[in-house]
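**Q**
Protein chains: 2
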Amino acid sequence: MPLSAFLEPHILHQQLAHMACIGTDMLSPGRTRLALTDADKLGRDQLVAWLRELDLTIHIDAVGNIYGILEPDPLNSHLPVFLIGSHIDTVIEAGAYDGCYGVLAGIAVLRALHAAGTTPPRPVGVVAFSNEEGVRFQPDMLGSLAVAGGLSVDVVHALQATDSASYGTELARIGYAGTLIPGSIPIHEYIELHIEQGPILATLGTPIGAVHTLQGISWQRVTITGTANHAGTTPLQLRHDPAVVAAQVIADLRAYAGATESTLATVGTFTLAPNAINVIPHTATFTVDLRDPDESALLHAEAHLQSLLQQYAISEGVSVHCDVLARFSPVIFAAELVHTIQQVAAMQGIACRSMVSGAGHDAQMIARIAPSAMIFVPSREGISHSPAEHTDPAHLEAGLRVLCDVVASRLGIAI
Amino acid sequence: MPLSAFLEPHILHQQLAHMACIGTDMLSPGRTRLALTDADKLGRDQLVAWLRELDLTIHIDAVGNIYGILEPDPLNSHLPVFLIGSHIDTVIEAGAYDGCYGVLAGIAVLRALHAAGTTPPRPVGVVAFSNEEGVRFQPDMLGSLAVAGGLSVDVVHALQATDSASYGTELARIGYAGTLIPGSIPIHEYIELHIEQGPILATLGTPIGAVHTLQGISWQRVTITGTANHAGTTPLQLRHDPAVVAAQVIADLRAYAGATESTLATVGTFTLAPNAINVIPHTATFTVDLRDPDESALLHAEAHLQSLLQQYAISEGVSVHCDVLARFSPVIFAAELVHTIQQVAAMQGIACRSMVSGAGHDAQMIARIAPSAMIFVPSREGISHSPAEHTDPAHLEAGLRVLCDVVASRLGIAI
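Same order as they appear, the protein sequences are chains A and B. According to my numbering, the first sequence is numbered sequentially starting from -13. According to my numbering, the second sequence is numbered sequentially starting from -13.
#1: Classify residue 380/A as buried or exposed, calling it buried when 16 or more other Cβ atoms lie within 10 Å of its own Cβ.
#2: Less than 8 Å between the CB atoms is what I'm expecting for residue 239/B and residue 291/B, so what's the real figure, rounded?
#3: Does the segment -4 to 16 of chain B touch the segment 221 to 241 of chain A, meaning 3 or more C-beta pairs lie closer than 8 Å?
#4: Would you check if the distance between the CB atom of residue 160/A and the CB atom of residue 22/A is smaller than 9 Å?
#5: If the cut is a Cβ gap below 7 Å, which residues of chain B does residue 315/A touch?
#6: Among the candidates 278/B, -10/B and 328/B, whose CA atom is the shortest distance from the CA of residue 101/B?
#7: Whose C-alpha, out of 248/A, 265/A, 206/A and 90/A, is nearest the C-alpha of residue 214/A?
#8: If you run the structure through DSSP and keep just helix, strand and coil, what is residue 306/A?
#9: Does any C-beta atom of chain B lie closer than 9 Å to the C-beta of residue 275/A?
#10: Label residue 206/A either buried or exposed according to how many other C-beta atoms from any shown protein chain fall within 10 Å of its C-beta, with 16 as the threshold for buried.
#11: Nearest to residue 335/B by CA position, among 387/B, 110/B and 288/B, is which residue?
#12: Output the distance between the C-alpha atoms of residue 246/A and residue 221/B, rounded to the nearest integer angstrom.
#13: Checking the sheet assignment: what are the DSSP bridge partners for residue 23/A?
#14: Starting from the beta carbon of residue 182/A, find every residue of chain B whose beta carbon is closer than 8 Å, and list them in chain order.
#15: What in chain A is Cβ-close to residue 370/B, meaning under 7 Å?
#16: Alpha carbon to alpha carbon, how far is residue 65/B from residue 172/B?
#17: If you compare alpha carbons, which of 249/A, 250/A, 314/A and 227/A is closest to residue 298/A?
#18: For residue 138/B and residue 129/B, which I take to be in contact (beta-carbon distance under 8 Å), what is that distance rounded to the nearest angstrom?
#19: Check the Cβ-Cβ distances between residue 123/A and every residue of chain B, and say whether any is below 9 Å.
#20: Mind reading off the beta-carbon distance from residue 202/A to residue 277/A? Whole number of angstroms is fine, and I expect it under 8 Å.
#21: With 9 Å as the limit, tell me which residues of the segment 101 to 125 of chain B have their beta carbon closer than that to any beta carbon of chain A; keep them in chain order.
#22: Whose Cβ in chain B lies nearer than 7 Å to the Cβ of residue 197/A?
#23: For residue 289/A, count neighbouring C-beta atoms within 10 Å of its own C-beta (all shown protein chains included) and say buried if the count is 16 or more, exposed if not.
#24: Given that residue 244/B touches chain A, what residues does it touch there, using C-beta distances under 9 Å?
#25: Once you ignore the five residues that flank residue 256/A on each side, which residues in its own chain have a CB closer than 6 Å to its CB?
#26: State the Cα-Cα distance for the pair residue 373/A and residue 157/B, rounded to the nearest angstrom.
#27: Give, in chain order, every unbroken run of the beta strand (DSSP E) that is at least 3 residues long and sits entirely within the segment 31 to 111 of chain A.
#28: For the pair the segment -8 to 1 of chain A and the segment 43 to 57 of chain A, tell me if three or more CB-CB distances fall below 8 Å.
#29: Cutting at 8 Å between CB atoms, please list the residues of its own chain near residue 74/A, excluding the five before and the five after it.
#30: Are there 16 or more other CB atoms within 10 angstroms of the CB of residue 370/A, so buried, or fewer, so exposed?
#31: Considering only the beta carbon of each residue, do residue 95/B and residue 37/B sit closer than 9 Å?
#32: Given this structure, state the Cα-to-Cα distance separating residue 337/A from residue 209/B, to the nearest angstrom.
#33: Mind listing the chain B neighbours of residue 201/A? Cutoff is C-beta to C-beta under 8 Å, in chain order.
#34: Look at residue 320/A and residue 175/A and say whether their C-beta atoms are less than 9 Å apart.
#35: What residue range is occupied by the uninterrupted beta strand (DSSP E) comprising residue 339/A?
#36: Closest to residue 311/A by CA distance: which of 262/B, 301/B and 323/B is it?
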């Protein structure tokens, strides 16, 4: 009998609905549980209560990551933990599933292990990482980055929130400043179940995605500096107009990305100064978000952006400056875990697509220190970071079943 | 002897320097005399004092336009006024010459008429029009528009400032709410002397411009509406990205304008919403400033903008909305006045270029009701609306001399 036969999916639905109410108010849609706020504390308190119901061993580390661990036979308690996780913090006016689904599905799997009466051959845990969204504190994916050794506790505690509180002060205030050093719980393998936050599975009607790669991300801020002048009296040939250069680059960058069929290019922010209708601007500032699952293709896109900027800047007589805001190489997930996801889906008779993650996730950080992979379920219309975020209940349950039997398979549990 | 032999140019320089100090403070560069502010009141009070020194008849109309009129022989006092004018309100952190030069040069010409001991054959006046700049109250060129019959007193008085005071209240507060109906002083001919605010005369090294046309202006706000989505998870072919469409249109519009050699196209404002680095925007909003001295060419440019918007909007699956913010057809100035300017410059041995005005001026409003023309002098590097605005003293004097003898010629004064 598969471990998934012991699941009680209605509890997952109840817990998702319960968590979705924490951080709501009558004045704004969705829910808002920014990291280390009062709402985040209420969400954490509820999570810990659910972990206690299963008699799990609870650890809080020094950046506030919460672990609930099902202990094995005492002889095996020294072994690295098989970890299932995600996060429960949200963006402003968020949906109900981003993050919470992976954490609460992890609890459901531990409950199934309880119900099946099996003692796992190694510790099995669920983790909720702190500040994944990065809205209140930068960088995002902070908790998992600290676990992977990418941020020291001192640096994290000194971070200033957008509302200027410090991370350390806020973490202590909400009662989640643990003493455990992040990363001191060794991880055997890591699985994260998550909504896709993109349209691919929903468009194809495929319930499960086996994520083999998390695409690389390059964020740059481009500042083009020209000369402000009168819109009515300055002949075109005497202009040094940064808005025109920006437009030429953005238009050509879209054409470039379209031709590659793998690179995504997005300009999400754009400002002009002085921003007056009848003044040629002296400065155009915009951001470029480039993504590609292949590092060499991402490097090529970055180089192409530079060449477009130089070409048009020379032609218009303006200067260009670029700041790198973020740069992550693509993450290739553990092939054996991806293979298990595909096998389990096939055994369960559920269609499964091998795919790339377009968004960033805690799994990309944990992949630095342990074999990791992700399971995706469809997001209706690809909408996320919005109260309109939705995944069909049947798809939520399909993802949970696949996760559960993947865990059983990786642990070698036969019931 | 020409009338210009009676000029005292040093008084013009002194008065320009004096006026340039009103509205200054230690914290900001340049001077700021926004319409109907305390600083504008101080500027007006000084102007009226200078008008009184010449025993001129002073009129204030109901929108605050200030007239100083040199009365002729009583037999001719019923004749329409030969009017010289411009404005003394400024933009924020303005230069010293935009507007003030034309008003104070007008006073200098009236002083020369005094000094020559001539009685003009009809009233000769100087006027300072209210709220030419349009920074605090829209529309700009308000005072001259009211004189031309384009705005009623009631409508003007009800206008709200950007700081939400009303025009009528502010005008009364500073003591310049006259009772004269705007337009009730008949105008024989109107001449406006102004700095070019563009680079043409300075680039050519030509001291005088005889302005035959004021180019037409078309201002539109373009709003492109697409669909916000995740920058990392949304394939290009599923995007409805208004930023890309805006960039394509702006880049192509520059190419179009460059090919016409007469149309100017400027995008001075641009915003994206929600303006987040990793979110495909749902809305792009930008303004387009189109100018051309020929109405049919301006209409063609407007039509081309529409066709670009439609073409790219269909391709990307976004919708487009345009609001007309301002639309003025080109103004052709009175040929006989332009001819007199050229003749006088030739007689004085000063190089003179027949040219188009790129900026808007009060003369374009007065041209609706009386023969009008403008005289330009060079602006260093074409800079205006800036503390760096500068015209060489020799050019200021050349412009004054031409203005003076143009007035004498039009009045048929022989000394």
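Glycine included, C-beta positions come from ideal geometry on N, C-alpha and C. All values reported here derive from a predicted model rather than from experimental measurement.
**A** Checking against the coordinates, here is how it stands:
#1: By one-based count along the first sequence, residue 380/A stands at place 394. With fewer than 16 Cβ atoms within 10 Å of its Cβ, residue 380/A is classed as exposed.
#2: In the second sequence, residue 239/B corresponds to position 253, counting from 1. In the second sequence, residue 291/B corresponds to position 305, counting from 1. Between residue 291/B and residue 239/B the Cβ distance is about 6 Å, and since that is below 8 Å, they are a contact.
#3: no
#4: If you number the first sequence from 1, residue 160/A lands on position 174. If you number the first sequence from 1, residue 22/A lands on position 36. In this structure, residue 22/A lies closer than 9 Å to residue 160/A by Cβ.
#5: As a working mapping, residue 315/A is identified with position 329 in the first sequence. Ordered by position in chain B, no residue passes the 7 Å Cβ test against residue 315/A, which lies about 15 Å from the chain.
#6: Within the second sequence, numbered from 1, the residue matching residue 101/B stands at position 115. The shortest C-alpha separation from residue 101/B is found at -10/B.
#7: Working through the first sequence from its first residue, we reach residue 214/A at position 228. Among 248/A, 265/A, 206/A and 90/A, the Cα nearest to that of residue 214/A belongs to 265/A.
#8: In the first sequence, residue 306/A corresponds to position 320, counting from 1. Reduced to three states, the DSSP call for residue 306/A is strand.
#9: Counting from 1 along the first sequence, the entry for residue 275/A is found at position 289. Closer than 9 Å: yes.
#10: Here residue 206/A refers to the residue found at position 220 when the first sequence is read from its first residue. Burial call: buried.
#11: Working through the second sequence from its first residue, we reach residue 335/B at position 349. Checked all of 387/B, 110/B and 288/B; the closest Cα to residue 335/B is 387/B.
#12: Counting from 1 along the first sequence, the entry for residue 246/A is found at position 260. Counting from 1 along the second sequence, the entry for residue 221/B is found at position 235. Using only the alpha carbons, I get a separation of about 12 Å.
#13: To locate residue 23/A, count along the first sequence from 1; it is residue 37. For residue 23/A, which the question treats as bridged, DSSP gives no partner whatsoever.
#14: On the first sequence, position 196 is the one that residue 182/A refers to. In chain order: 219.
#15: Mapped onto the second sequence, residue 370/B falls at position 384. Simply 216.
#16: Here residue 65/B corresponds to residue number 79 of the second sequence, with the count starting at 1. Here residue 172/B corresponds to residue number 186 of the second sequence, with the count starting at 1. Spanning the two alpha carbons is a distance of roughly 8 Å.
#17: In the first sequence, residue 298/A corresponds to position 312, counting from 1. Taking only the C-alpha atoms, the option nearest residue 298/A is 227/A.
#18: Looking up residue 138/B in the second sequence gives position 152. Looking up residue 129/B in the second sequence gives position 143. In fact, because the Cβ distance is near 13 Å, the residues do not count as touching under 8 Å.
#19: One-based indexing of the first sequence puts residue 123/A at position 137. It does not; no Cβ of chain B falls within 9 Å.
#20: On the first sequence, position 216 is the one that residue 202/A refers to. On the first sequence, position 291 is the one that residue 277/A refers to. Right, their Cβ atoms sit about 7 Å apart.
#21: Those would be none; no residue qualifies.
#22: Locating residue 197/A in the first sequence gives position 211, where the first residue counts as 1. Under the 7 Å cutoff, chain B gives no residues; its nearest Cβ is about 12 Å from residue 197/A.
#23: Against the first sequence, residue 289/A aligns to sequence position 303. The residue in question, residue 289/A, is exposed, as its Cβ has fewer than 16 Cβ neighbours within 10 Å.
#24: For the purposes of this step, residue 244/B is taken as residue 258 along the second sequence, with counting starting at 1. Close partners of residue 244/B in chain A (Cβ separation under 9 Å): 222 and 223.
#25: If you number the first sequence from 1, residue 256/A lands on position 270. Counting only Cβ-Cβ distances below 6 Å, and skipping sequence neighbours, we find 272.
#26: Mapped onto the first sequence, residue 373/A falls at position 387. Mapped onto the second sequence, residue 157/B falls at position 171. Those two C-alpha atoms are separated by around 50 Å.
#27: Counting whole runs of 3 or more residues, the segment 31 to 111 of chain A contains the beta strand (DSSP E) stretches 43 to 46, 52 to 56 and 67 to 73.
#28: no
#29: The residue you call residue 74/A lines up with position 88 of the first sequence. These residues qualify, in order along the chain: 5, 19, 26, 29, 30, 33, 85, 86, 89 and 114.
#30: On the first sequence, residue 370/A is found 384 positions in, with the first residue counted as 1. It is buried - the Cβ of residue 370/A has at least 16 other Cβ atoms within 10 Å.
#31: In the second sequence, residue 95/B corresponds to position 109, counting from 1. In the second sequence, residue 37/B corresponds to position 51, counting from 1. In this structure, residue 37/B does not lie closer than 9 Å to residue 95/B by Cβ.
#32: Counted from its first residue, the first sequence places residue 337/A at position 351. Counted from its first residue, the second sequence places residue 209/B at position 223. Rounded to the nearest angstrom, the two C-alpha atoms are 42 Å apart.
#33: Counting from 1 along the first sequence, the entry for residue 201/A is found at position 215. Taking a Cβ-Cβ cut-off of 8 Å, the neighbours of residue 201/A in chain B comprise 218, given in sequence order.
#34: Working through the first sequence from its first residue, we reach residue 320/A at position 334. Working through the first sequence from its first residue, we reach residue 175/A at position 189. It is a contact, given that the beta carbons lie within the stated cut-off.
#35: In the first sequence, counting from the first residue as 1, residue 339/A sits at position 353. Run containing residue 339/A: 338 to 343, per the beta strand (DSSP E) assignment.
#36: Counted from its first residue, the first sequence places residue 311/A at position 325. With distances taken between Cα atoms, residue 311/A lies closest to 262/B.
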